[in-house]
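All remarks here apply to the structure that follows.
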Amino acid sequence: MREVQGYPLPLGVQISKDRVNFSIAVPADKDCQLLLYRTGRKKPCRQFDMKPMIGEVRCIALEDIQPGDYEYNYLINKEVVTDPYVKAIAGKERWGVKKELSEHEIRGRLQMSDYDWEGDHTLQIPYHQVIAYSLHIRGFTRHPSSKVKAKGTFQGVIEKLEYLKDLGINQIHCMPVYEFEECQIYRNYWGYGAGSYFAPKSAYSADGDGARGLKDMVKACHRSGIEVVLEMPFCTAADKMMMLECLRYYVMEYHIDGFILNPFVVSMESVHADPFLKNTKIMEHELGFQTVMRRFLKGDEGMIHDVIYWLKHHSKEQGIFNYITDQNGFTLNDLVSYDAKHNEENGEHNQDGPDYNYSWNCGAEGPSRKKAVMELRNHQIFNAFFLLFLAQGTPCMLAGDEFGNSQKGNNNVYCQDNPIGWTDWRGLEKKKELHDFVKELIAFRKSHPILTPERELQGIDLSCCGVPDVSYHGEEAWQIPGEVSSRQLGVYYSGAQTKSEDCYVAYNMHWLEHVFALPALPKGYGWYVKATTERGMLDVPVLLKDQRKLELKERSVTVLTAERIVEVETKKNENITTLTDDQSS
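All letters in the sequence shown, in the order written, are residues 1 to 585 by full-length UniProt numbering.
Put into structure tokens, the structure is as follows:
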């Protein structure tokens, strides 16, 4: 190989037809050398001095070199350092095996971009049509019950895509997928903190090739109609320019559909202004929906006006999404099973994790065999899903919530790389009724455009039909419950503008039964029960006997749709006739 003059930008490694360029920013008062290794070797075979060229940037280029035959690091003031812009890491192909950079056990790969995307591109699913699902690449399929071949990997996620598609998911949110050090004093299972942000984690791929594994997963997701959003929680010490370049790189190199960023670390203004990221979903965590809906769910007073706000709030403008549970806190099953966190196994004397979870154990702390307690918990889980999927914003559910996954009361499993932190798929069989309800509820949301408007509903009659696009009711029709003690709310969605059927959702989070006066419908139409907390989604809607009122049991939700009475009853009779004919034959 032959050393020639390099070029300073872009930083990192650039591989062209006849040369490899190395560029790194190092303070002028420090020595810097490029270390080259034969692929797989732990001892450098060549070393090159790097002097400042422009400012603090140092660069050299090597000709007559086969990139696949070599790996690299830098030696800065006699300390072995990984390139901050390294695109792939060698030496960390196996999860949980401690490797020392100082011993040259970790090295940068000279990554080649020769992947066949087969015409793949980002999906650009509109915000109001997204159904998101938050997962941890390793934890999602690591449990033996996942029954996938490549457990805990990108390939494992691919094996579960048919399941996600069948559930109704069209976007996944992935916790950090870049190279991070999991072998710390407290195991860093989640991956937050410092890392090699440009390099997909090798241990997340079944064959140790993180870059190819991530590309395979993204391509497979897109074929299934599922977007891929990456959480990129850069640490505060990360270079601001590097953050933007990293986001651009993942969009260009990995066809990533969006990112979840920390606005206290990343300049969101710069990200939104970047022309390269204009069609990329840029989001952030927002606790407003979660806190309000958790408090409403457990029956706190004074929540009605906040609930109204979050039920109609749109997500796109602020780049947020609605969630009641995520990785930071209880799972949905634990939210209704524990009053307090139980993080003793984390080794921090239960001092870690959020103290305020707005949870309620429904009468007993942790696992219970009491029929009344278990029935109430199941009802509360159903109610939570109603709140999530009937709100106007972009919903996001936590992996495993659809079949009651539990972390045994641990609300901060950042170090629990074990069954506590993994998704336990045995719940899919044990709680099939819950899974099927979630699937049907998602389908109901998708089939009713009034629940997924492109723009936020205004509460006025835009279609001149005599009814606002959305209105709010209490026990008296057309009157918002104003008392602090109110824990019940009716929401009337007019389908006139979207040319779909009207919907009325009644929420009663009180521990007492309440009767709702219903808005009157045009002649020939009737209110039909479509879903309830007790019965889930009904296969055939049931006409209310009394069209003037709805009796709602304590801590329950009922969904009504307005349909022509004759048409619905005719369809019912046709179904009965068909069933009878089939039985007789």
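Where is the CB? At the ideal position from N, CA and C, for every residue including glycine.
Below 8 Å CB to CB, which residues in the same chain sit around Lys43 once its five sequence neighbours on both sides are set aside?
When the five nearest sequence neighbours on each side are left out, the beta carbons in the same chain lying within less than 8 Å of the beta carbon of Lys43 are those of Tyr37, His104, in order along the chain.
Determine the extent of the beta strand (DSSP E) in which His173 is found, giving its start and end residues.
Taken as a continuous stretch (DSSP letters only), the beta strand (DSSP E) holding His173 covers 171-174.
Could you please give me the residues that DSSP links to Met283 through a beta bridge?
Answer is Ile260.
Going by other Cβ atoms of all chains shown within 10 Å of its Cβ, with 16 needed for buried, is Trp190 buried or exposed?
Trp190 should be labelled buried.
Lys151 - DSSP class collapsed to helix/strand/coil
The DSSP-derived three-state label of Lys151 is coil.
What ranges does the alpha helix (DSSP H) occupy inside the segment 90-171, keeping only unbroken runs of at least 4 residues that lie completely in it?
Runs found: 137-141, 154-159, 161-167.
So, is Val251 buried or exposed, given that buried needs 16 or more other C-beta atoms within 10 angstroms?
Answer is buried; the Cβ neighbour count reaches 16.
Check whether Tyr204 and Thr153 have beta carbons under 7 Å apart
The answer is yes: Cβ separation under 7 Å.
Could you give the DSSP three-state label for Asp401: helix, strand or coil?
Helix, per DSSP.
Below 8 Å on the Cβ atoms is my contact criterion, and I expect Thr82 with Ser196 to pass it. Report the Cβ-Cβ distance as a whole number of Å.
The beta-carbon distance between Thr82 and Ser196, rounded to whole angstroms, is 6 Å. This is short enough to meet the 8 Å contact definition.
Pick from Ser315, Asn328, Gly363, Thr325 that is closest to Tyr338, judged by C-alpha positions:
Comparing Cα positions, the closest option is Gly363.
Given that a residue counts as buried once 16 or more other Cβ atoms are within 10 Å of its Cβ, and exposed if not, what is residue 609?
Residue coverage of the chain in this structure runs from 1 to 585, which leaves residue 609 outside it and unanswerable.
Where does Leu34 fall in DSSP's three states?
In the structure shown, Leu34 sits in a strand (DSSP, three-state: E or B).
For Val229, tell me which candidate among Ser500, Phe180, Ile320 has the shortest Cα-Cα distance.
Comparing Cα positions, the closest option is Ile320.
For Ile420 and Ala399, what's the separation of their Cα atoms in angstroms?
Near 14 Å, if we compare the C-alpha coordinates of Ala399 and Ile420.
Arg46 - containing beta strand (DSSP E), residue span:
Looking at the DSSP string, the run of the beta strand (DSSP E) that includes Arg46 is 44-49.
Tell me which residues share the same chain as Arg295 and place their Cβ nearer than 7 Å to its Cβ, disregarding the 5 neighbours each side in the sequence.
Here the set comprises Met303, Tyr358.
For Phe385 versus Leu441, is the C-beta distance shorter than 7 Å?
Yes, they are a contact pair.
Proximity below 7 Å, CB of Phe389 to CB of His435:
Not a contact, by the Cβ cut-off of 7 Å.
Runs of 3 residues minimum, wholly inside the segment 198-241: which ones carry the beta strand (DSSP E) assignment?
Given a length threshold of 3 residues, each whole run of the beta strand (DSSP E) inside the segment 198-241 is given here in chain order: 227-231.
Give the straight-line distance between the Cα atoms of Lys173 and Ile324, rounded to the nearest whole angstrom.
The question names Lys, yet the displayed sequence has His at residue 173. Cα-Cα distance, rounded: 15 Å.
Which residues share a DSSP beta bridge with Glu179?
Beta-bridge pairing by DSSP links Glu179 to Ser196.
Contact under 7 Å by Cβ, Thr423 with Glu501
For Thr423 and Glu501, no; Cβs fall outside 7 Å.
Please identify the residue among His255, Gly299, Phe289, Val292 whose C-alpha is closest to the C-alpha of Lys281.
Out of His255, Gly299, Phe289, Val292, His255 has the C-alpha closest to the C-alpha of Lys281.
Neighbourhood of Glu159 by C-beta distance below 6 Å, restricted to the same chain and skipping five residues each side
Excluding positions up to five away in sequence, the list reads Val148.
In its own chain, which residues sit with a C-beta less than 8 Å from the C-beta of Lys98, not counting the 5 before and 5 after it?
Cβ neighbours of Lys98 beyond the five flanking positions: Cys183.
Under 6 Å Cβ to Cβ from Tyr85, same chain only, skipping five residues before and after it: list those, please.
The answer, listed in chain order, is Leu11, Gly12, Phe198.
Could you check how far apart the C-beta atoms of Leu538 and Lys530 are, in whole angstroms? I think they sit under 8 Å.
Confirmed, Cβ separation roughly 6 Å.
Are Ser406 and Asp334 close, meaning C-beta to C-beta below 7 Å?
Yes; because the gap between Cβ atoms is below 7 Å, this pair is in contact.
Spell out the partners DSSP gives Val470 in its beta bridges.
According to DSSP, residue pairing for Val470 in a beta bridge involves Tyr493.
Express the C-alpha separation of Arg455 and Gly55 in angstroms, rounding to a whole number.
Gly55 and Arg455: Cα-Cα distance of roughly 49 Å.
Within the continuous alpha helix (DSSP H) that includes Asp539, where are the two ends?
Unbroken run through Asp539 is the beta strand (DSSP E), 536-543; no alpha helix (DSSP H).
Other residues of its chain near His379: CB distance less than 8 Å, five sequence neighbours each side excluded:
Once the five neighbours on either side are set aside, the close Cβ partners of His379 are Thr533, Glu534, Arg555, Ser556.
Give me the Cα-Cα distance between Lys165 and Ile131, rounded to the nearest whole angstrom.
Taking the straight line joining both Cα atoms gives about 10 Å.
Whole angstroms are fine: how far does the CA of Asp257 sit from the CA of Met243?
A straight line joining the alpha-carbon of Met243 with that of Asp257 spans about 17 Å.
Looking at the ligand ATP, does it come within less than 6 Å of Glu375, judged from the CB to the closest heavy atom?
Annotation note on the ligand ATP: not contained in the displayed structure, which lists no ligands.
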